[in-house]
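Here my numbering runs 8 ahead of the position in the sequence shown, where the first position is 1.
Take a look at the structure below.
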Amino acid sequence: MRTAVRDNFSAFSTRLEGRVRHMYLDSLGNVTIGIGNKIDPVADALALASLGAPLLRDSDNTKASDFEITAEWTVVKAGGTATTLHLSDAGIDTLVTKRLNQNEAVIRTLFAGFDTWPADAQLGVLSMAWGLGPNGLGPSLFRKFHLAVGARNWFAAALQCNMGGSGLGKRNAVDRGLFRNAGVSEEPPASDPDILFLPVPGNRPNRQLGDVDQAGADDIGVIQRMFGPTRLNLLVPGTFTRGTFDAATLVAVTAFQTTEAALPNSGPFPVTGVVAQLTWACLGEHVPQA
Numbered sequence: 009m010r011t012a013v014r015d016n017f018s019a020f021s022t023r024l025e026g027r028v029r030h031m032y033l034d035s036l037g038n039v040t041i042g043i044g045n046k047i048d049p050v051a052d053a054l055a056l057a058s059l060g061a062p063l064l065r066d067s068d069n070t071k072a073s074d075f076e077i078t079a080e081w082t083v084v085k086a087g088g089t090a091t092t093l094h095l096s097d098a099g100i101d102t103l104v105t106k107r108l109n110q111n112e113a114v115i116r117t118l119f120a121g122f123d124t125w126p127a128d129a130q131l132g133v134l135s136m137a138w139g140l141g142p143n144g145l146g147p148s149l150f151r152k153f154h155l156a157v158g159a160r161n162w163f164a165a166a167l168q169c170n171m172g173g174s175g176l177g178k179r180n181a182v183d184r185g186l187f188r189n190a191g192v193s194e195e196p197p198a199s200d201p202d203i204l205f206l207p208v209p210g211n212r213p214n215r216q217l218g219d220v221d222q223a224g225a226d227d228i229g230v231i232q233r234m235f236g237p238t239r240l241n242l243l244v245p246g247t248f249t250r251g252t253f254d255a256a257t258l259v260a261v262t263a264f265q266t267t268e269a270a271l272p273n274s275g276p277f278p279v280t281g282v283v284a285q286l287t288w289a290c291l292g293e294h295v296p297q298a
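Pasting the structure below:
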């Protein structure tokens, strides 16, 4: 795993999952804690201490008993709200590191070239494993995705990486952007594969018809280059003004959003002609980050 991927994974996942110290029910009805760490069945909650992440009492930060953990877990599983037991920040980080390492070990058996992938592609597949579980990424379920990454066709991989399941629309969009970043990073002359091109954290401003890149900004330029003939092929050279969100760029943005919204498991994807958070995510954000 690239160092930039490991160093940024917790912050990246927090943007998608949140960072929750108390137990809660996820969208699938599983008791969860931390940064999307499922602790269901209750035995997983009781095992947290053995993983170096004990549940603590809110009242005095002392270690909770198995009886207290089981009682609170049962309340949460039934739809109640937990307010008496929590994980420390160090405990959350410990869980993330352990699960990330476990996921990487499985991924390396599923994808022989993983160690050579650019950082954004590694983060993309690790994100998929976080959302679905690494064993759910086998070739029987993701055959076209395996073929795409095996050929290092990252733009094709972006179209085949969507996971099914409730609440995964945003993660799927971000993962598509990561694989598109990987495709850009390997264009001649290839970028350093250790560089992560997704800024973590980092948000671009909304861009819409009439906007113009000001000095030192390149937001609209990024959009237009991604829509060029060697990438998404939505803008014809000579039909638009570089750095200006003009009518041709609007048509391309709307076409892109329409295509993304039609992909399986994209969730409610906005087709507005405005490049806002979710559209930025699946376009990719090509800002080098060491």
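We put the CB at the ideal spot given by N, CA and C, even for glycine.
Top-ranked residue by Cα proximity to residue i, from the options
i: G146; options: M234, P197, A159, I115; result: I115
i: N273; options: I231, R184, T257; result: R184
i: A181; options: R160, T287, A12, L54; result: T287
i: I231; options: D202, E194, V283, E268; result: V283
i: Q168; options: K178, L155, F20; result: L155
i: K46; options: G60, F150, M31; result: M31
Through-space distance from residue j to residue i, alpha-carbon basis
i: L95; j: Q216; result: 42 Å
i: T11; j: A57; result: 28 Å
i: R212; j: N170; result: 23 Å
i: G275; j: K152; result: 21 Å
i: Q285; j: T102; result: 30 Å
i: T89; j: V83; result: 7 Å
i: L33; j: K71; result: 22 Å
i: A166; j: P49; result: 33 Å
i: G292; j: A190; result: 9 Å
i: A61; j: I100; result: 7 Å
i: A98; j: S18; result: 12 Å
i: L24; j: A137; result: 13 Å
i: N214; j: F253; result: 11 Å
Three-state secondary structure assigned by DSSP to residue i
i: M31; result: strand
i: T262; result: helix
i: N45; result: strand
i: L242; result: coil
i: T247; result: coil
i: T89; result: coil
i: L63; result: coil
i: V282; result: coil
Residue burial classification, residue i (beta-carbon count within 10 angstroms, cutoff 16)
i: P142; result: buried
i: Q110; result: exposed
i: D227; result: buried
i: R107; result: buried
i: D219; result: buried
i: S174; result: exposed
i: S193; result: buried
i: D68; result: exposed
Residue i beta carbon near the ligand PLP (any heavy atom closer than 6 Å)
i: Q222; result: Among the components of this structure there are no ligands whatsoever, and the ligand PLP is therefore not found.
Residue i - containing alpha helix (DSSP H), residue span
i: Q216; result: First-last for Q216: undefined, no H or E at that position.
i: S288; result: In the sequence on display, residue 288 carries Trp and not Ser. That run of the alpha helix (DSSP H) goes 285-291.
i: W125; result: Premise fails: W125 is in no alpha helix (DSSP H) and is neither H nor E.
i: G203; result: The amino acid at residue 203 is misidentified as Gly; the sequence shows Ile. Taken as a continuous stretch (DSSP letters only), I203 belongs to no alpha helix (DSSP H), as it is neither H nor E.
i: T22; result: 11-25
i: F153; result: 151-158
i: S199; result: From DSSP, S199 is part of no alpha helix (DSSP H); its letter is neither H nor E.
i: N111; result: 97-118
i: G229; result: 227-234
i: V50; result: 50-54
i: L167; result: 162-168
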